[in-house]
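Undergrad:
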Amino acid sequence: MCVEPLQMNMVSDTAVRVIFGTVISMETHKNIRSFCRELEKHPQKGIQEWVPSYTAVTIFYDPFLLSFDSLEAYIMNVCDSIEHHNLPDSMQVTIPVCYEEAFGPDLNQVAVHNQLTPEEVIELHTEPEYLIHMMGFLPGFPYLGGMNEKIAAPRLDAPRMKVPAGSVGIAGSQTGVYPLESPGGWNIIGRTPKKLFLPQETDPVLLEAGMRIKFMPVTTDEFLEMEEKEASC
Amino acid sequence: MSAEEVCVVKKAGLFTTIQDAGRTGRQKKGIPPAGVMDEYAFETANILTGNDGTEAVLEVTMLGPVLLFTKPAVIAVTGADLQPSLNNKPVDNWHSFRVNDGDELSFAGMKKGARAYIAVQGGFDGDEILGSRSTYVKAGFGGMNGRALEKGDRLSTVRSVSMLKRCSRLPAPLIPEYGGETVLRVLEGPEASAFTEESLAAFYHSGFTVSNESDRMGCRMEEASLVHRESADILSDAVDTGTIQAAADGRPMILMADRQTTGGYTRPASVIQVDLPKAAQLVPGQTVTFKKVTLEHAHDLLKEQRRRIAALRLASKNMLPAGL
Chain D
1 MCVEPLQMNM VSDTAVRVIF GTVISMETHK NIRSFCRELE KHPQKGIQEW VPSYTAVTIF
61 YDPFLLSFDS LEAYIMNVCD SIEHHNLPDS MQVTIPVCYE EAFGPDLNQV AVHNQLTPEE
121 VIELHTEPEY LIHMMGFLPG FPYLGGMNEK IAAPRLDAPR MKVPAGSVGI AGSQTGVYPL
181 ESPGGWNIIG RTPKKLFLPQ ETDPVLLEAG MRIKFMPVTT DEFLEMEEKE ASC
Chain X
1 MSAEEVCVVK KAGLFTTIQD AGRTGRQKKG IPPAGVMDEY AFETANILTG NDGTEAVLEV
61 TMLGPVLLFT KPAVIAVTGA DLQPSLNNKP VDNWHSFRVN DGDELSFAGM KKGARAYIAV
121 QGGFDGDEIL GSRSTYVKAG FGGMNGRALE KGDRLSTVRS VSMLKRCSRL PAPLIPEYGG
181 ETVLRVLEGP EASAFTEESL AAFYHSGFTV SNESDRMGCR MEEASLVHRE SADILSDAVD
241 TGTIQAAADG RPMILMADRQ TTGGYTRPAS VIQVDLPKAA QLVPGQTVTF KKVTLEHAHD
301 LLKEQRRRIA ALRLASKNML PAGL
């Protein structure tokens with residue numbers, strides 16, 4: 001089975017965007033995952049890296065080593081060799097989250113906005129399995145799909161100057177985790193002790209596009225215990 | 001031979017960081033490339049000091065540092081003319097020269113361009129993260145503890161040098177001109193059709209003024225002339241260094257070395273790679289015009305540039321070392 005990319009366009013003179021769809025869908029996501037797997041299997045001199053997004057894969061290349069025509073032919077070949085039934089299940093990662101007020105200062109606000117109790121927000125937030133559509137914005141930041149609209153909440157009017165690493169937030173109908181301290185306007189509903197970004201490691205980022213995530217509620221004591229363990233390994 | 005201290009930072013300057021060619025291969029995990037803003041000045045600085053070309057240098061922004069050398073070395077200053085001087089005597093840009101223990105390198109002030117590069121034979125050392133010593137200040141890693149240089153920092157070279165390289169000078173035709181009206185050549189971007197025809201035509205005809213809200217993440221323009229047909233937002237997607245974004249305010253912003261890996265705004269165009277060094281040297285208030293070129297032309301220019309640099313590297317390798 002082969003996959004037809006809809007079209008290609010130029011992000012720059014060294015990056016081409018292979019488009020697989022125009023809206024967020026499971027089908028497009030699968031095509032993108034399959035395409036990236038094939039890229040991995042068929043290394044090509046002159047291709048430096050690629051970045052999957054919601055609807056496209058952007059390939060960074062060196063025109064000195066690989067002409068655009070050759071790149072185009074290579075992309076077509078890769079698309080032809082995609083076999084969906086070979087796509088393995090992606091990994092599920094559990095992310096423990098402490099939703100106590102000290103870690104989730106905006107939980108109450110999100111609850112009030114949606115006429116729910118904080119407990120109901122936690123339940124709705126931990127219920128689904130989220131899909132990582134893509135990574136970006138910050139090192140190790142996952143763009144997640146699958147949040148229940150019932151807990152959607154607008155961004156803060158004034159972004160915070162500092163959101164601590166590990167903070168779990170909601171902005172519009174998106175949820176995400178801050179891998180490192182950063183300014184930000186998301187409603188912070190909790191924090192994970194899990195380190196999502198460790199720059200000193202050879203593989204510094206725990207998550208990747210295609211993985212599935214479950215949030216698991218933990219108490220403050222459990223949070224502190226896990227944090228200590230993370231710090232010592 | 002192990003790394004040796006080569007200089008001490010007596011004054012930090014406005015924003016001086018350790019940078020090399022940047023990180024590749026981790027953008028899919030959200031890790032930006034960082035690295036030098038002006039690759040041309042970076043490569044020539046390394047060539048002039050006899051380095052392989054990937055060694056880290058100091059990127060100096062507008063106001064230079066004061067460096068006190070603690071051992072003999074060969075260094076070069078390239079890029080912006082910030083009026084470098086050695087022991088208060090002016091030295092030329094774009095050539096390598098010998099410094100001795102106790103010599104002081106300083107900068108009198110910004111004359112032309114925004115960013116100067118200091119290379120040292122043996123390469124500056126710094127924290128190497130994911131294959132690069134580049135400082136990425138936003139996430140606080142790489143280079144000097146992930147931050148800009150501060151007074152009192154001590155800098156070392158990666159390799160100690162047994163024979164100092166003979167001093168050399170970049171041939172005059174290879175020295176770029178900075179300042180004045182700058183033309184940046186661009187390719188049409190993925191969302192060019194998201195803008196009204198008139199405003200897109202104006203984007204290519206009228207000049208823009210560089211805003212003082214520019215930094216290593218992006219170079220912003222003052223004029224809010226781009227008009228979106230509908231929305232300024234797109235589903236977040238990958239961007240490249242050189243990508244021009246326009247948010248709802250209609251102001252073009254050229255994404256530079258410390259850009260994020262993905263962006264959520266419409267992209268009318270992208271600055272071609274060979275013109276990124278020109279973008280890196282823009283100073284607030286300067287005028288920029290965007291000129292559309294084809295992909296083929298952009299690639300020809302890039303290949304030409306690479307060949308020129310390769311030839312230069314070869315020529316410098318053939319130079320006999322003089323026992324200075």
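Protein sequence lines correspond, in order, to chains D and X. Letter by letter, the first sequence follows residues 1 to 233 of UniProt numbering. Letter by letter, the second sequence follows residues 1 to 324 of UniProt numbering. The beta-carbon is built from N, C-alpha and C at its ideal position, and this holds for glycine as well.
1) Can you give the beta carbon distance from X:Leu130 to X:Ser96, rounded, assuming they're within the 8 angstroms contact cut?
2) Rounded to the nearest angstrom, how far is the Cβ of X:Lys28 from that of D:Trp50, given a contact under 8 angstroms?
3) Am I right that X:Ala224 and X:Gly250 are in contact with their C-beta atoms under 8 angstroms? What's the rounded C-beta distance?
4) Taking the C-alpha atoms as reference points, what is the distance between D:Asp89 and D:Arg33?
5) I'd like to know if X:Leu320 contacts chain D, where contact means its C-beta is closer than 8 angstroms to some C-beta of that chain.
6) Starting from the C-beta of X:Phe15, find all residues in its chain whose C-beta is less than 7 angstroms away, skip the five residues before and the five after it, and write them out in chain order.
7) So what does DSSP say about X:Ile254, is it helix, strand or coil?
8) Please confirm whether X:Ala56 and X:Ile118 have their CB atoms less than 8 angstroms apart.
9) I'd like to know if X:Thr44 contacts chain D, where contact means its C-beta is closer than 8 angstroms to some C-beta of that chain.
10) Check the C-beta distance from X:Ala310 over to X:Ile272 and give it rounded, since I have them as a contact under 8 angstroms.
11) Is it true that the CB of X:Arg23 sits closer than 8 angstroms to the CB of X:Ser160?
12) Name the chain X residues that come within less than 7 angstroms of D:Met135, Cβ to Cβ?
13) Find the nearest neighbour of X:His205 within the set X:Gly113, X:Phe290, X:Arg307, X:Ile31, judged by alpha-carbon distance.
14) According to DSSP, is X:Glu4 part of a helix, a strand, or is it coil?
15) Please list the partners that D:Tyr143 has in chain X, where partner means a Cβ-to-Cβ separation under 9 angstroms.
16) Buried or exposed: where does X:Leu314 fall if 16 or more other Cβ atoms within 10 Å of its Cβ makes it buried?
17) Cα-Cα, which of X:Val274, X:Ala279, X:Arg306, X:Pro284 is closest to X:Val293?
18) Check whether the region 224–233 of chain D touches the region 186–204 of chain D, taking contact to mean three or more Cβ pairs, one atom from each stretch, closer than 8 angstroms.
19) Compare the Cα-Cα distances from X:Pro65 to each of X:Val77, X:Arg169, X:Arg166 and report the closest residue.
20) For D:Met1, does the three-state DSSP call read helix, strand or coil?
21) Do you know how far the Cα of X:Val158 is from the Cα of X:Phe124?
22) Give, in chain order, every unbroken run of the alpha helix (DSSP H) that is at least 4 residues long and sits entirely within the region 35–102 of chain D.
23) If the cut is a Cβ gap below 8 angstroms, which residues of chain D does X:Lys303 touch?
24) Is it the case that the Cβ atoms of D:Arg212 and D:Tyr143 are separated by a distance below 8 angstroms?
25) Relative to chain D, which residues along the region 215–249 of chain X have a C-beta separation below 9 angstroms, given in chain order?
26) For the region 201–221 of chain D and the region 96–110 of chain D, state whether three or more C-beta atom pairs, one from each stretch, are separated by less than 8 angstroms.
27) Which bits of chain X does D:Gln48 rub up against, with CB to CB less than 8 angstroms?
28) For a contact meaning CB atoms closer than 9 angstroms, what does X:Gln273 contact in chain D?
29) Whole angstroms is fine: what's the gap from X:Leu276's alpha carbon to X:Ser211's?
30) At the 8 angstroms Cβ level, is X:Pro190 part of the contact set with chain D, yes or no?
31) Measure from the C-beta of D:Thr205 to each C-beta in chain X and report whether the shortest distance is under 8 angstroms.
32) Compute the Euclidean distance between the alpha carbons of X:Gln260 and X:Val239, then round it to the nearest angstrom.
33) Which whole runs of the beta strand (DSSP E) in the region 31–65 of chain X are 3 residues long or more, in chain order?
34) In terms of residue numbering, what span does the beta strand (DSSP E) encompassing D:Val110 cover?
35) For the putative contact between X:Gly113 and X:Asp92, defined by C-beta atoms under 8 angstroms, what is the C-beta separation to the nearest angstrom?
36) Quick one: list the residues of chain X neighbouring D:Ser53, beta-carbon separation under 8 angstroms, in chain order.
TA: Answer, in terms of the structure:
1) By one-based count along the second sequence, residue 130 of chain X stands at place 130. By one-based count along the second sequence, residue 96 of chain X stands at place 96. Between X:Ser96 and X:Leu130 the Cβ distance is about 30 angstroms, and since that is not below 8 angstroms, they are no contact.
2) As a position in the second sequence, residue 28 of chain X is number 28, starting the count at 1. As a position in the first sequence, residue 50 of chain D is number 50, starting the count at 1. Indeed, because the Cβ distance is near 7 angstroms, the residues count as touching under 8 angstroms.
3) In the second sequence, the residue the question calls residue 224 of chain X occupies position 224. In the second sequence, the residue the question calls residue 250 of chain X occupies position 250. Going by Cβ atoms, the distance from X:Ala224 to X:Gly250 rounds to 4 angstroms, so yes, they are a contact pair.
4) Position 89 of the first sequence holds residue 89 of chain D. Position 33 of the first sequence holds residue 33 of chain D. The straight-line gap from Cα to Cα measures roughly 11 angstroms.
5) Walking along the second sequence from the start, residue 320 of chain X turns up at place 320. At X:Leu320, the pLDDT of 47 sits below 50, so the modelled position is not reliable; the number obtained from the coordinates is stated separately. Closer than 8 angstroms: no.
6) Walking along the second sequence from the start, residue 15 of chain X turns up at place 15. Counting only Cβ-Cβ distances below 7 angstroms, and skipping sequence neighbours, we find Thr61, Ala148.
7) One-based indexing of the second sequence puts residue 254 of chain X at position 254. X:Ile254: strand per DSSP, three-state reduction.
8) In the second sequence, the residue the question calls residue 56 of chain X occupies position 56. In the second sequence, the residue the question calls residue 118 of chain X occupies position 118. No, the pair does not count as a contact, with Cβ atoms beyond the cut-off.
9) Residue numbering aside, residue 44 of chain X sits at position 44 when the second sequence is read from its first letter. X:Thr44 does not count as touching chain D.
10) Sequence index remark: in the second sequence, residue 310 of chain X carries index 310 (1-based). Sequence index remark: in the second sequence, residue 272 of chain X carries index 272 (1-based). Rounded, the Cβ-Cβ distance is 19 angstroms, inconsistent with contact.
11) On the second sequence, residue 160 of chain X is found 160 positions in, with the first residue counted as 1. On the second sequence, residue 23 of chain X is found 23 positions in, with the first residue counted as 1. Annotated as distal: X:Ser160 and X:Arg23, with beta-carbon spacing of 8 angstroms or more.
12) Translated into positions along the first sequence, residue 135 of chain D becomes position 135. Simply Lys28, Lys29, Gly30.
13) Here the question's residue 205 of chain X lines up with position 205 in the second sequence. The shortest Cα separation from X:His205 among X:Gly113, X:Phe290, X:Arg307, X:Ile31 belongs to X:Phe290.
14) Walking along the second sequence from the start, residue 4 of chain X turns up at place 4. Here X:Glu4 sits in strand by DSSP.
15) Here residue 143 of chain D refers to the residue found at position 143 when the first sequence is read from its first residue. Simply Ser236, Thr262.
16) Along the second sequence, read from residue 1 onward, the residue named residue 314 of chain X stands at position 314. Its Cβ having fewer than 16 others within 10 Å, X:Leu314 is exposed.
17) Against the second sequence, residue 293 of chain X aligns to sequence position 293. Residue X:Val274 is the option with its Cα nearest to X:Val293.
18) Contact between the region 224–233 of chain D and the region 186–204 of chain D is established, with three or more Cβ pairs separated by less than 8 angstroms.
19) As a first step, residue 65 of chain X must be located in the second sequence, where it is residue number 65. Of X:Val77, X:Arg169, X:Arg166, the residue nearest in Cα terms is X:Val77.
20) The residue labelled residue 1 of chain D in the question sits at position 1 within the first sequence. The predicted model places D:Met1 with a pLDDT of 42, which falls under 50 and marks its position as unreliable; any figure quoted below should be read in that light. Looking at D:Met1 - three-state DSSP - the assignment turns out to be coil, as it is neither helix nor strand.
21) The residue given as residue 124 of chain X occupies position 124 in the second sequence. The residue given as residue 158 of chain X occupies position 158 in the second sequence. Straight through space, the alpha carbons of X:Val158 and X:Phe124 are spaced by roughly 6 angstroms.
22) Here the runs fully enclosed are 68–80.
23) Numbered from 1 along the second sequence, position 303 holds the residue referred to as residue 303 of chain X. For a Cβ distance threshold of 8 angstroms, residue set Pro63, Phe64 of chain D lies close to X:Lys303, ordered along the chain.
24) By one-based count along the first sequence, residue 212 of chain D stands at place 212. By one-based count along the first sequence, residue 143 of chain D stands at place 143. Contact flag unset, no.
25) Only those residues of the region 215–249 of chain X whose C-beta falls short of 9 angstroms from the nearest C-beta of chain D are listed: Leu235, Ser236, Asp237, Ala238, Val239, Asp240, Thr241, Gly242, Thr243.
26) In short, these stretches touch, since the Cβ pair count reaches three.
27) Counted from its first residue, the first sequence places residue 48 of chain D at position 48. Neighbours of D:Gln48 on chain X, chain order: Thr24, Gly25.
28) Your numbering for residue 273 of chain X matches position 273 in the second sequence. By Cβ distance, chain D contributes Ser12, Asp13, Thr14, Pro63.
29) Sequence index remark: in the second sequence, residue 276 of chain X carries index 276 (1-based). Sequence index remark: in the second sequence, residue 211 of chain X carries index 211 (1-based). If you take the alpha carbons of X:Leu276 and X:Ser211, they lie about 17 angstroms apart.
30) Along the second sequence, one-based indexing puts residue 190 of chain X at 190. Chain D, which has a Cβ nearer than 8 angstroms to the Cβ of X:Pro190, makes this yes.
31) One-based indexing of the first sequence puts residue 205 of chain D at position 205. Note on identity: in this sequence residue 205 of chain D is Val, with Thr being the wrong assignment. Chain X contact via Cβ: present.
32) Within the second sequence, the letter at position 260 stands for residue 260 of chain X. Within the second sequence, the letter at position 239 stands for residue 239 of chain X. Their backbone Cα atoms lie some 8 angstroms apart in a straight line.
33) 57–61
34) Here residue 110 of chain D corresponds to residue number 110 of the first sequence, with the count starting at 1. In this chain, D:Val110 is not harboured by any beta strand (DSSP E); it is covered by the alpha helix (DSSP H) spanning 107–113.
35) Counted from its first residue, the second sequence places residue 113 of chain X at position 113. Counted from its first residue, the second sequence places residue 92 of chain X at position 92. About 14 angstroms separates the beta carbon of X:Gly113 from that of X:Asp92, a gap too long to meet the 8 angstroms contact definition.
36) On the first sequence, residue 53 of chain D is found 53 positions in, with the first residue counted as 1. The answer, in chain order, is Leu235, Ser236, Asp237, Ala238, Thr262.
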